[in-house]
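Trainee: FYI, in this note's numbering the residues of the sequence shown are 115 to 222.
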Amino acid sequence: MIFRQLFDNASSTYTYLLADERSREAIVIDSVFEQSARDLALIRELDLKLLYAIDTHCHADHVTGAWLMKQKTGCRIGAAKVIGAANVDVELEHRDVISFGRHSLEVR
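1. What is the DSSP secondary structure of residue 190, counted as helix, strand or coil?
2. Evaluate the contact criterion for the segment 132-152 versus the segment 207-219: three or more CB pairs, one atom per stretch, below 8 Å.
3. Going straight from the alpha carbon of residue 145 to that of residue 162, what length do you get?
4. Less than 8 Å between the CB atoms is what I'm expecting for residue 149 and residue 122, so what's the real figure, rounded?
5. Mapping DSSP to helix, strand and coil, what is residue 178?
6. Please look up how many angstroms separate the CB atoms of residue 191 and residue 167, rounded, as I've assumed it's under 8 Å.
7. So, for residue 120: in the same chain, excluding its five sequence neighbours on each side, which residues have a beta-carbon less than 8 Å away from its beta-carbon?
8. From the DSSP output, in three-state form, read off residue 135 for me.
9. What does the Cβ neighbour count give for residue 188, buried or exposed, with the cut at 16 atoms within 10 Å?
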(Lines of atoms letter the chains of each structure in order from A; the text may use other names.)
(Lines give C-alpha, C1' and ligand atoms only; values in the text may rest on other atoms or scores of the structure.)
Protein backbone atom coordinates (compact mmCIF):
# COMPACT_ATOMS: atom_id res chain seq x y z
CA MET A 115 0.00 0.00 0.00
CA ILE A 116 1.08 3.53 -0.74
CA PHE A 117 0.44 5.82 2.25
CA ARG A 118 1.17 9.53 2.59
CA GLN A 119 0.27 11.73 5.55
CA LEU A 120 0.18 15.40 4.54
CA PHE A 121 -0.31 18.46 6.75
CA ASP A 122 -1.70 21.95 6.26
CA ASN A 123 -0.26 24.37 8.84
CA ALA A 124 -2.88 27.08 8.37
CA SER A 125 -5.86 24.84 9.21
CA SER A 126 -3.93 22.26 11.29
CA THR A 127 -5.48 19.57 9.10
CA TYR A 128 -4.02 16.20 8.20
CA THR A 129 -4.77 14.83 4.74
CA TYR A 130 -4.19 11.19 3.90
CA LEU A 131 -3.47 9.66 0.51
CA LEU A 132 -3.84 5.88 0.28
CA ALA A 133 -3.32 3.81 -2.85
CA ASP A 134 -2.89 0.29 -4.11
CA GLU A 135 0.60 -0.07 -5.59
CA ARG A 136 -0.53 -2.56 -8.26
CA SER A 137 -3.74 -1.02 -9.62
CA ARG A 138 -2.66 2.58 -8.77
CA GLU A 139 -6.23 3.22 -7.49
CA ALA A 140 -6.26 5.80 -4.70
CA ILE A 141 -8.35 7.69 -2.18
CA VAL A 142 -7.67 11.00 -0.49
CA ILE A 143 -9.10 11.75 2.95
CA ASP A 144 -9.83 15.30 4.20
CA SER A 145 -8.28 17.25 1.35
CA VAL A 146 -7.75 20.96 2.02
CA PHE A 147 -8.65 23.60 -0.57
CA GLU A 148 -5.38 25.53 -0.21
CA GLN A 149 -3.32 22.35 -0.64
CA SER A 150 -5.11 21.00 -3.72
CA ALA A 151 -2.21 21.79 -6.05
CA ARG A 152 0.22 19.96 -3.74
CA ASP A 153 -2.07 16.93 -3.48
CA LEU A 154 -2.77 16.78 -7.22
CA ALA A 155 0.95 17.04 -7.96
CA LEU A 156 1.64 14.09 -5.65
CA ILE A 157 -1.14 12.05 -7.27
CA ARG A 158 0.39 12.75 -10.70
CA GLU A 159 3.94 12.09 -9.48
CA LEU A 160 2.91 8.69 -8.10
CA ASP A 161 0.88 7.95 -11.27
CA LEU A 162 -2.32 7.28 -9.31
CA LYS A 163 -5.97 7.13 -10.37
CA LEU A 164 -7.99 8.94 -7.70
CA LEU A 165 -11.29 7.13 -7.12
CA TYR A 166 -12.59 8.95 -4.04
CA ALA A 167 -12.16 12.15 -2.05
CA ILE A 168 -13.55 11.35 1.39
CA ASP A 169 -14.49 13.96 4.00
CA THR A 170 -14.51 12.63 7.56
CA HIS A 171 -16.19 15.77 8.87
CA CYS A 172 -17.54 18.98 7.42
CA HIS A 173 -15.58 22.24 7.25
CA ALA A 174 -15.56 24.68 4.36
CA ASP A 175 -11.93 23.83 3.49
CA HIS A 176 -12.52 20.06 3.42
CA VAL A 177 -15.67 20.11 1.30
CA THR A 178 -14.13 22.57 -1.15
CA GLY A 179 -10.93 20.51 -1.28
CA ALA A 180 -12.92 17.41 -2.22
CA TRP A 181 -14.82 19.34 -4.88
CA LEU A 182 -11.54 20.47 -6.46
CA MET A 183 -10.25 16.90 -6.44
CA LYS A 184 -13.42 15.82 -8.25
CA GLN A 185 -13.16 18.68 -10.74
CA LYS A 186 -9.53 17.85 -11.61
CA THR A 187 -9.62 14.03 -11.51
CA GLY A 188 -13.24 12.92 -11.93
CA CYS A 189 -13.18 11.13 -8.57
CA ARG A 190 -16.31 10.68 -6.47
CA ILE A 191 -16.90 12.63 -3.25
CA GLY A 192 -17.85 10.67 -0.15
CA ALA A 193 -19.08 12.00 3.19
CA ALA A 194 -21.21 10.82 6.08
CA LYS A 195 -24.89 10.76 5.20
CA VAL A 196 -25.78 12.37 8.56
CA ILE A 197 -23.89 15.52 7.56
CA GLY A 198 -26.36 16.21 4.77
CA ALA A 199 -23.70 17.90 2.64
CA ALA A 200 -24.65 18.96 -0.89
CA ASN A 201 -22.86 17.64 -3.98
CA VAL A 202 -21.80 14.36 -2.36
CA ASP A 203 -21.66 11.35 -4.70
CA VAL A 204 -21.50 8.68 -1.99
CA GLU A 205 -23.39 9.18 1.28
CA LEU A 206 -21.53 6.96 3.71
CA GLU A 207 -23.09 5.09 6.61
CA HIS A 208 -21.80 2.79 9.35
CA ARG A 209 -20.19 -0.36 7.88
CA ASP A 210 -20.07 0.94 4.29
CA VAL A 211 -16.88 -0.10 2.50
CA ILE A 212 -14.77 2.02 0.16
CA SER A 213 -12.51 -0.11 -2.05
CA PHE A 214 -9.39 0.88 -3.97
CA GLY A 215 -7.43 -1.86 -5.68
CA ARG A 216 -6.88 -4.75 -3.25
CA HIS A 217 -7.54 -2.52 -0.23
CA SER A 218 -10.63 -1.16 1.45
CA LEU A 219 -11.73 1.04 4.34
CA GLU A 220 -14.83 0.45 6.44
CA VAL A 221 -16.89 3.34 7.80
CA ARG A 222 -17.16 3.23 11.59
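For glycine and all other residues, C-beta sits at the position ideal for the given N, C-alpha and C.
Mentor: Let me lay it out:
1. Position 76 of the sequence shown, counting from 1, holds the residue named residue 190. Three-state result, residue 190: strand.
2. yes
3. One-based indexing of the sequence shown puts residue 145 at position 31. One-based indexing of the sequence shown puts residue 162 at position 48. In a straight line, the C-alpha of residue 145 is about 16 Å away from that of residue 162.
4. For this step, residue 149 is matched to residue 35 along the sequence shown. For this step, residue 122 is matched to residue 8 along the sequence shown. Correct: roughly 5 Å between the Cβ atoms.
5. As a working note, residue 178 is residue 64 in the sequence shown. Note: residue 178 maps to helix in three-state DSSP.
6. As a working mapping, residue 191 is identified with position 77 in the sequence shown. As a working mapping, residue 167 is identified with position 53 in the sequence shown. With a Cβ gap of about 5 Å, residue 191 and residue 167 count as contacting.
7. On the sequence shown, position 6 is the one that residue 120 refers to. The answer, listed in chain order, is 128, 129, 130, 131, 149, 152, 153 and 156.
8. Locating residue 135 in the sequence shown gives position 21, counting from the first residue. Here residue 135 sits in coil by DSSP.
9. Start at 1 with the first residue of the sequence shown, and residue 188 comes out as number 74. Classification of residue 188: exposed, given that the 10 Å Cβ count is below 16.
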